[in-house]
Amino acid sequence: MDGNFEQLINALSIIPLSIDTLQKITFLIKQQTSETITLFITESLQSLLALKEWIWQRFSHDCFKWIKQSDYITLFNTLALFNKNLIFNYENIESDVKASLLIPNTIDEINIIFQQINQSKNDNDLFIIIVSSWFDNLSSFLREYPDYGTSPILCHINQYIARNYIMTDQFKFYIKQLQQSNLLPSIFTDKQLFYISTCSYSVYSYLSAYTHNFIFTPEEFLLHFGNEYLQIILMHTQTIEKWNNKFLNCISHLTGFILSCYWWCEDKSARVKILFPTEQTMYDFIQVLIRIISYEPFQEKLKTEQLNDETIFLTIGLKFLLTLLQTQNVTDFVRTDLTLPNTLFKLAELSTYHVISLNVYAILGEILSDEKLKELTVVDQVDNFFYSILEQAWHHPLKKYKQLPIVLLLRSFVALSKSDAIQQGVADSNRLGGFIEMSDQYPVVFDIIWALSFNHDIQQQLRSNPSFIQKLSQLAKESDDEQVRKTTQGILWNLEINHQDRSISSNTNQNTF
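Heads up, the sequence shown is in the numbering used here, so the first residue is 9 and it goes up one at a time.
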């Protein structure tokens, strides 16, 4: 296989290029299955890298030579689909290998591609369709592997897109088209989809991964199109059943962009006022999010293992609802929707995606009463993925699981830790040591340990850790953080340390993350 494929890739440099060569390369790529792809990449890595470089060169130098030749188009689309599959699957393939197969080699190539898009007078230019799928793959890769937000190539791409496409009058023009109550199919041109879908997806993926300074602030983005976005989604979610796939793609990535603007960096006060000028506006938007995650045709798509636009939109909707619950005083309002808990349980049951399940359980933790949380019996599902995700985030250099900071994961677990079943699950699996370890860096962990400390077995494990008891006693008296003082005092009270003299046995073995 490797020798044959290598010969075909070498033949790409022969002039004139044989169409038979393109067809054979396409055939070999299409032949790969989940069983063969890892070995194929291992054996043919250098050839695949050469193919990637050759394709980006075709995009940037002589598109007029191939744009009307179907065999070129088929190869480009086949490899784009191959790469998309590579991004979302095959965790046994190193992320550096995936990056090398996706990210173009030079900024000059990217600039020429953008120039060709800018010069195109055709709103339905096939070239725009093709390169959009390759840019979308870069965005998806960045969403899955946010470490690569420091890539100079990806940085340049997103700065260029933000400056020359999103913060422009043309972007506003396309946004205003979506404000029409009756969306004619003719408005969804390839160029419009590039601006609204591809560019939004690119920048919001980048902002989610790269938390340092950007050429525009979240407030500037929201002032540019935030109000128009709200009008669009408030109006069109009244008639979700009329959406076509192109509008779903646009509104999904626009919502992701708005979400990334909302929670990018710490201070959210200014952007909240821009996006939600009144309390009622926020309530209306929350109802929109609930309408989205409750829409059954979207939920049905969760049954498929293949990632799709509906699943992406559900993920964004859940994450936005969770973010508002964790940053705004809206819990009582959300609780007025009595059907929401059952909807969330259904999503958790249907979904095969960890991020959806994580957001579902986190929202339940925010909206269920303490009594309902104590009755929660989904500990097995939580055990199946939550600790794995938390462990990955703890050991990640950026303390993230994909684009989710560990502090948000911990915050999500605070409410869930009130569940009797989850408390017992932590005790039985000896996970307490992991939380104790994290408490040195994240004060929110003390809230988790306080909730867990109502469990008898957890109490015994805590009493068996004299160094941690000493730490709690010191923090209860001396911490500058009032919440930490109160929480540590509460833990000690549950252990009867502060009001009864108890002996402390030697430390027992506990798992750490």
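Ideal Cβ placement from N, Cα and C applies to all residues, glycine included.
Beta-bridge pairing of Leu412 - partner residues as DSSP gives them:
Residue numbering aside, residue 412 sits at position 404 when the sequence shown is read from its first letter. According to DSSP, which records beta bridges pairwise, Leu412 is partnered with Tyr409.
So, do the segment 197-214 and the segment 142-152 have three or more beta carbon pairs nearer to each other than 8 Å?
In short, these stretches touch, since the Cβ pair count reaches three.
Smallest Cα separation from Leu109: which of Phe122, Ile125, Phe149?
Reading the sequence shown from its first residue, position 101 is the one you call residue 109. Residue Phe149 is the option with its Cα nearest to Leu109.
Since Phe421 and Ile456 are thought to touch, with beta carbons under 8 Å apart, how far apart are those beta carbons, to the nearest angstrom?
Looking up residue 421 in the sequence shown gives position 413. Looking up residue 456 in the sequence shown gives position 448. Going by Cβ atoms, the distance from Phe421 to Ile456 rounds to 6 Å, so yes, they are a contact pair.
In chain order, what are the residue ranges of uninterrupted alpha helix (DSSP H) at least 4 long that sit wholly in the segment 303-331?
304-308
Am I right that Ile282 and Thr245 are in contact with their C-beta atoms under 8 Å? What's the rounded C-beta distance?
Start at 1 with the first residue of the sequence shown, and residue 282 comes out as number 274. Start at 1 with the first residue of the sequence shown, and residue 245 comes out as number 237. Taking C-beta atoms under 8 Å as the contact rule, Ile282 and Thr245 fail to qualify, at a distance of about 21 Å.
Pop quiz: Ile49 and Leu56 are said to be a contact at Cβ under 8 Å. What is the actual Cβ separation, rounded to whole angstroms?
On the sequence shown, residue 49 is found 41 positions in, with the first residue counted as 1. On the sequence shown, residue 56 is found 48 positions in, with the first residue counted as 1. The pair is a contact, with the Cβ atoms about 7 Å apart (cut-off 8 Å).
Alpha carbon to alpha carbon, how far is Leu503 from Leu297?
What you label residue 503 is simply residue 495 of the sequence shown in a count that begins at 1. What you label residue 297 is simply residue 289 of the sequence shown in a count that begins at 1. Near 42 Å, if we compare the C-alpha coordinates of Leu297 and Leu503.
What span of residues does the alpha helix (DSSP H) with Trp251 cover, start to end?
Taking the first residue of the sequence shown as 1, we reach residue 251 at position 243. Neither: Trp251 is in no alpha helix (DSSP H) and is coded neither H nor E.
Report, in whole angstroms, the separation of the C-beta atoms of Ile165 and Ile120, which I expect to be a contact under 8 Å.
Translated into positions along the sequence shown, residue 165 becomes position 157. Translated into positions along the sequence shown, residue 120 becomes position 112. Not really, about 13 Å apart at Cβ, beyond 8 Å.
Taking all protein chains shown into account, do 16 or more other C-beta atoms lie within 10 angstroms of the C-beta of Gln508, making it buried, or fewer, making it exposed?
Here residue 508 refers to the residue found at position 500 of the sequence shown. Per-residue confidence for Gln508 stands at a pLDDT of 48, beneath the threshold of 50, marking its modelled position as unreliable; the derived number appears in the next sentence. Exposed, by the Cβ-count rule.
If you follow the alpha helix (DSSP H) that Lys479 is in, where does it begin and where does it stop?
Residue 479 sits at position 471 when you count from the first residue of the sequence shown. Per DSSP, Lys479 belongs to the alpha helix (DSSP H) from 474-486.
Ile136 and Leu83 look like a contact to me (Cβ under 8 Å); what is the Cβ gap, rounded to whole Å?
Within the sequence shown, the letter at position 128 stands for residue 136. Within the sequence shown, the letter at position 75 stands for residue 83. Not a contact, Cβ separation roughly 18 Å.
Quick one: Cα of Leu470 to Cα of Asp489, how far?
Along the sequence shown, read from residue 1 onward, the residue named residue 470 stands at position 462. Along the sequence shown, read from residue 1 onward, the residue named residue 489 stands at position 481. C-alpha separation (whole angstroms): 22 Å.
Quick one: residues in its chain with C-beta nearer than 6 Å to the C-beta of Pro215, no 5 flanking neighbours on either side, listed in chain order?
What you label residue 215 is simply residue 207 of the sequence shown in a count that begins at 1. Looking at the sequence itself, residue 215 is Leu, so the reference to Pro does not match. Excluding residues within five positions, the ones whose Cβ falls inside 6 Å are Ser268, Trp272.
Quick check: what's the CA-CA separation for Lys106 versus Asn252?
As a position in the sequence shown, residue 106 is number 98, starting the count at 1. As a position in the sequence shown, residue 252 is number 244, starting the count at 1. The C-alpha of Asn252 is placed about 32 Å away from the C-alpha of Lys106.
Proximity to Ser42 [Cα-Cα], best of Leu25, Asn97, Ser447:
Position 34 of the sequence shown, counting from 1, holds the residue named residue 42. Checked all of Leu25, Asn97, Ser447; the closest Cα to Ser42 is Asn97.
Applying the 10 Å Cβ sphere with the 16-neighbour rule, what's the burial state of Gln307?
The residue you call residue 307 lines up with position 299 of the sequence shown. When all chains shown are included, Gln307 counts as buried.
Can you tell me whether Thr34 is helix, strand or coil according to DSSP?
The residue given as residue 34 occupies position 26 in the sequence shown. DSSP, read as helix, strand or coil, puts Thr34 in helix.
With H, G and I counted as helix, E and B as strand and the rest as coil, what does DSSP make of Arg419?
Counted from its first residue, the sequence shown places residue 419 at position 411. The answer is helix: DSSP assigns Arg419 an H, G or I state.
Using CA coordinates, which residue listed in Leu460, Lys494, Leu500 is at the minimum distance from Phe476?
Residue 476 sits at position 468 when you count from the first residue of the sequence shown. Nearest of Leu460, Lys494, Leu500 to Phe476, Cα basis: Leu500.
Asn517 to Phe353 span [Cα, whole Å]:
Start at 1 with the first residue of the sequence shown, and residue 517 comes out as number 509. Start at 1 with the first residue of the sequence shown, and residue 353 comes out as number 345. Note that Asn517 scores 48 on pLDDT, short of 50, meaning its location in the model is unreliable; the coordinates nonetheless yield the value given after this. Cα to Cα, the separation comes out at about 35 Å.
With a threshold of 6 Å on Cβ separation, who are the neighbours of Gln318 within its own chain once the five nearest residues in sequence on each side are excluded?
As a position in the sequence shown, residue 318 is number 310, starting the count at 1. In the sequence as presented, Gln is not what sits at residue 318; that position holds Glu. Correct list, in chain order: Phe306, Lys309.
Threshold first: 4 residues or longer. Then list the alpha helix (DSSP H) segments lying entirely within the segment 111-160, N to C.
Secondary structure within the segment 111-160: the alpha helix (DSSP H) runs of 4 or more consecutive residues, fully enclosed, are 115-127, 134-152 (chain order).
For Leu89 and Val139, what's the separation of their Cα atoms in angstroms?
Counting from 1 along the sequence shown, the entry for residue 89 is found at position 81. Counting from 1 along the sequence shown, the entry for residue 139 is found at position 131. Their Cα atoms are separated by approximately 13 Å.
How would you call Ser78, buried or exposed, if buried means at least 16 neighbouring beta carbons within 10 angstroms?
Within the sequence shown, numbered from 1, the residue matching residue 78 stands at position 70. Exposed, because fewer than 16 other Cβ atoms sit within 10 Å of the Cβ of Ser78.
Go ahead and label Lys129 buried or exposed: buried means 16 or more other beta carbons lie within 10 angstroms of its beta carbon, across all protein chains shown.
Taking the sequence shown and counting its residues from 1, the one referred to as residue 129 is at position 121. So Lys129 ends up on the exposed side.
Leaving out five residues before and five after Ala484 in sequence, what residues of the same chain have Cβ atoms less than 7 Å from its Cβ?
Looking up residue 484 in the sequence shown gives position 476. Arg493, Thr496, Gln497, Leu500.
Check whether chain D comes within 8 Å of Lys180, counting only Cβ atoms and requiring the distance to be less than that.
Here there is only one protein chain, and chain D is not present.
Leaving out five residues on either side along the sequence, give the residues of the same chain with a beta carbon under 7 Å from the beta carbon of Ser189.
Locating residue 189 in the sequence shown gives position 181, counting from the first residue. Within the same chain, Cβ atoms closer than 7 Å to the Cβ of Ser189 are found at Met243, the five residues on either side in sequence being excluded.
Contact belief for Lys408 with Pro226 at Cβ below 8 Å, rounded distance in angstroms
By 1-based counting over the sequence shown, the position of residue 408 is 400. By 1-based counting over the sequence shown, the position of residue 226 is 218. With 8 Å as the limit, Lys408 and Pro226 do not qualify as a contact, their Cβ atoms being about 19 Å apart.
For Asn438, which of helix, strand or coil comes out of DSSP?
The sequence position of residue 438 within the sequence shown is 430, counting from 1. Reduced to three states, the DSSP call for Asn438 is coil.
What does the alpha-carbon distance come out to for the pair Ser21 and Gln54?
As a position in the sequence shown, residue 21 is number 13, starting the count at 1. As a position in the sequence shown, residue 54 is number 46, starting the count at 1. Their backbone Cα atoms lie some 15 Å apart in a straight line.
Per DSSP, what kind of secondary structure is Pro451 in: helix, strand or coil?
Along the sequence shown, read from residue 1 onward, the residue named residue 451 stands at position 443. Looking at Pro451 - three-state DSSP - the assignment turns out to be coil, as it is neither helix nor strand.
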